[in-house]
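What follows is a short report on a single structure.
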Amino acid sequence: MPADTTNDIPQDGSAAAPSGRADVPAEAVAPLLRGIAVLRHLTDANDGTLSLSALEKATGLARSTVDRLTATLARMGYVRLDGRDVTLAPRLMELGNAYLAALRLPALLSARADALADELDESVSLAVGDRDGIRFIHQATRRRAMSLSFRIGDLLPAERTAPGPLFATQWSQAEWHHWRARRAADPRDLAFPAVPPAEHPTPHEDFEHRTAKAATDGWSLDDQLIEPGLVAVSVPVRDPRTGAPACVASVVSHTSRHTADDLRTTLLSRLREAVRSMEDDLRAAPPPRPGPPPAGLATWTGASKQELGRDFVESLARGLTVLTAFGEDRPELTLSEVAKATGLARATARRALITHEHAGLVRQSPDHAFTLTPRVLSLGFPPLSRTSLPQIAQPHLTALADRVHESTALAVLSDSGEEIQYTARASVSRVLSARITVGTRLPARTTSPGRVLLSLPETRSAGYALIDEELEAGLRSLAVPVHDREGRVVAAVNVAMHAARRTAAACVTDILPPLRETAAHIEADLHVAGRFRPVPLT
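For the sequence shown, this note's numbering puts the final residue at 713, and the numbers step up evenly by one.
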């Protein structure tokens, strides 16, 4: 589980408070708390996957309850059920996207961070404070044999990072007390899965001194506090309205390239220049453009409940949809505004917000407006933020292959533009079938995916490409494009079969509709996954 267990959901997923406390609000929605617990356990698991029995053990819930919760999350598209395994699905990222959109910082500052990373040839990150930790909201990493493994949404203990002291300069006495209590309860940082356990925890005074120094200097260093070899220098990006750190920008390197002191003497000045530009961007940022809020959510959950019966936990689905009511033009919402945006009854929205506030996912301001917290990123975002297009496409290809009983594949165009490369595939059990392995390259102009990716006029007009025994005698192949968020064709999905099984006309009649439907599903996941980070195509 992430840190901050004093205000977190119970380890066993029940309605009781953690650590034996009994401070769960009476109006909290127990199934929503349990669903959040399931998502957090999946987030902390390897590759976002756990078996149903492992979830049962981790949450302390009855197997029937776990089955109902995961069935509901699968219906929402937030997890994928594969036999006895439960895996996080890309659509879950819409919850973290809601927080990042409402925050606006990634949209306003990520281009500056990426440009600095390119200029310095070093990794650059943006992080926000999350109580006594820091959480990444953007990563511009370099591809090297020794490279960073941190992901967007990862939570790190403040005292083991360069940004931590800069955020701690704003801590209240209560927050300092919470930090000391957390360290006493977990001296090795075992509650922070994104970092290795602390072998030799530093005394409290060390971080207190670093915080005081950061307050004076306006920057901070991490000299191998996370693990040997990792160094970083950080500068706060200040909110033009309050002067407090809105986020912290860091340059991260390895001791084989820079020592901590070398980062300070050679790169700190350039980092400060970039931060000044970021602060200028924040001052000059226009107000967000109004956009339509989510619609029909209450109607959808009601219809799902009617269709699935007791296997659909409506209170969990409705509670999670409350988080999607927030966005770029809706960073703060009153209870009435949440109810209106979601279509939920005011009492239902109120109980969901009370539950999310207890779980640390929302906070309420003195004027009774609600905002999302960085902790929303703990719901699946870290493992999903590294998802590639082949990983997104694979379950959809498998479903298509099972549906049409033919082999399916995903392909992208090579850098030369002369070849396609297959990056994912799903096959069926046939004596005679198209057997093209992942990684295979073929001439683009003689394949259906290639003609889609080359956007030839005939293909662009029809919206698909059909190859009829041109690449190989007896082989027919039909392909359609996959578009990114900007509408660019970035990949193609195809179905390949022996010509004896279907005529060319039958391919268009029978195969094209489910093929297009599959491409649409892949695009929907790609658009969610790629909203705040580039999705690798291979």
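C-beta atoms are modelled at their ideal positions from N, C-alpha and C, and glycine is treated no differently. Computed from a prediction, not measured in an experiment: that's the story for all the values here.
Using a Cβ-Cβ cut-off of 7 Å (strictly less than) and excluding sequence neighbours within five positions of residue 603, which residues of its own chain qualify?
Position 428 of the sequence shown, counted from the first residue, corresponds to residue 603. Here the set comprises 576, 580, 581 and 582.
Rounded to the nearest angstrom, what separates residue 484 and residue 628 at their Cα positions?
Taking the sequence shown and counting its residues from 1, the one referred to as residue 484 is at position 309. Taking the sequence shown and counting its residues from 1, the one referred to as residue 628 is at position 453. The straight-line gap from Cα to Cα measures roughly 44 Å.
Rounded to whole angstroms, what is the Cα-Cα separation between residue 268 and residue 649?
Locating residue 268 in the sequence shown gives position 93, where the first residue counts as 1. Locating residue 649 in the sequence shown gives position 474, where the first residue counts as 1. Approximately 42 Å, taken between the alpha carbons.
Which residues does DSSP pair with residue 313 in a beta bridge?
Working through the sequence shown from its first residue, we reach residue 313 at position 138. DSSP, once it has assigned bridges, lists 301 as partnering residue 313.
Assuming contact is defined by CB atoms lying nearer than 8 Å, are residue 401 and residue 499 in contact in what I supplied?
Taking the sequence shown and counting its residues from 1, the one referred to as residue 401 is at position 226. Taking the sequence shown and counting its residues from 1, the one referred to as residue 499 is at position 324. No, they are not a contact pair.
From residue 235 to residue 212, what distance separates their C-alpha atoms?
For the purposes of this step, residue 235 is taken as the residue at position 60 of the sequence shown. For the purposes of this step, residue 212 is taken as the residue at position 37 of the sequence shown. Roughly 10 Å between the two C-alpha positions.
As a quick exercise: from 325, 536 and 476, pick the residue whose alpha carbon is nearest that of residue 523.
As a working mapping, residue 523 is identified with position 348 in the sequence shown. Considering only alpha carbons, the answer is 476.
For residue 395, which residues from the same chain have a beta carbon less than 6 Å from its beta carbon, with the 5 sequence-adjacent residues on both sides left out?
Position 220 of the sequence shown, counting from 1, holds the residue named residue 395. Result list for residue 395: 337, 340, 341, 389 and 409, in chain order.
Compare the C-alpha of residue 303 against each of 503, 584 and 413 and name the closest.
For the purposes of this step, residue 303 is taken as the residue at position 128 of the sequence shown. For the residues 503, 584 and 413, the minimum Cα distance to residue 303 belongs to 413.
Comparing alpha-carbon positions, which option in 358, 530 and 465 lies nearest residue 380?
Counting from 1 along the sequence shown, the entry for residue 380 is found at position 205. Minimum Cα-Cα distance from residue 380 among the listed residues 358, 530 and 465 corresponds to 358.
Would you identify the three-state DSSP class for residue 464, choosing helix, strand or coil?
By one-based count along the sequence shown, residue 464 stands at place 289. Note: residue 464 maps to coil in three-state DSSP.
Any contact of the region 614–633 with the region 586–602, i.e. 3+ C-beta pairs under 8 Å?
yes
List in chain order: all unbroken alpha helix (DSSP H) runs of 4+ residues lying wholly within the region 446–522.
Listed in chain order, the alpha helix (DSSP H) runs fully inside the region 446–522 are 472–483, 489–498 and 510–517, counting runs of at least 4 residues.
So who's on the other strand from residue 411, going by DSSP bridges?
Working through the sequence shown from its first residue, we reach residue 411 at position 236. BP columns for residue 411 point to 423.
Go to residue 673, then tell me how far its beta strand (DSSP E) extends in each direction, as first and last residue.
For this step, residue 673 is matched to residue 498 along the sequence shown. It spans 664–673 - the beta strand (DSSP E) in which residue 673 sits, taken as one unbroken run.
Do you know whose CA, among 678, 631, 683 and 707, lies nearest residue 661's CA?
As a first step, residue 661 is located in the sequence shown; it is residue number 486 there, counting from the start. Each of 678, 631, 683 and 707 was checked against the Cα of residue 661, and the nearest Cα belongs to 707.
Return the CA-CA distance between residue 376 and residue 356, expressed in angstroms with no decimal places.
As a first step, residue 376 is located in the sequence shown; it is residue number 201 there, counting from the start. As a first step, residue 356 is located in the sequence shown; it is residue number 181 there, counting from the start. Computed Cα separation, rounded: 14 Å.
Just tell me which of 438, 391, 424 and 362 has its CA closest to the CA of residue 399.
On the sequence shown, residue 399 is found 224 positions in, with the first residue counted as 1. Nearest option by C-alpha distance: 438.
Output needed for residue 607: all residues of its chain with C-beta closer than 8 Å, excluding positions within five of it in sequence on either side, in chain order.
Numbered from 1 along the sequence shown, position 432 holds the residue referred to as residue 607. Because the pLDDT at residue 607 is just 48, under 50, the model does not fix this residue reliably, and the value given afterwards should be weighed accordingly. So the list reads 673, once near-sequence residues are dropped.
Where do the ends of the alpha helix (DSSP H) carrying residue 224 lie?
For the purposes of this step, residue 224 is taken as the residue at position 49 of the sequence shown. From DSSP, residue 224 is part of no alpha helix (DSSP H) but of the beta strand (DSSP E) over 224–226.
What is the residue span of the alpha helix (DSSP H) that residue 658 lies within?
The sequence position of residue 658 within the sequence shown is 483, counting from 1. Taken as a continuous stretch (DSSP letters only), residue 658 belongs to no alpha helix (DSSP H), being part of the beta strand (DSSP E) at 650–658.
Going by C-alpha distance, which of 640, 562 and 479 is nearest residue 687?
Here residue 687 refers to the residue found at position 512 of the sequence shown. When only C-alpha atoms are compared, the closest one is 640.
Under a three-way DSSP split, which group does residue 382 fall into?
Stepping through the sequence shown from its first residue, residue 382 is reached at position 207. Reduced to three states, the DSSP call for residue 382 is helix.
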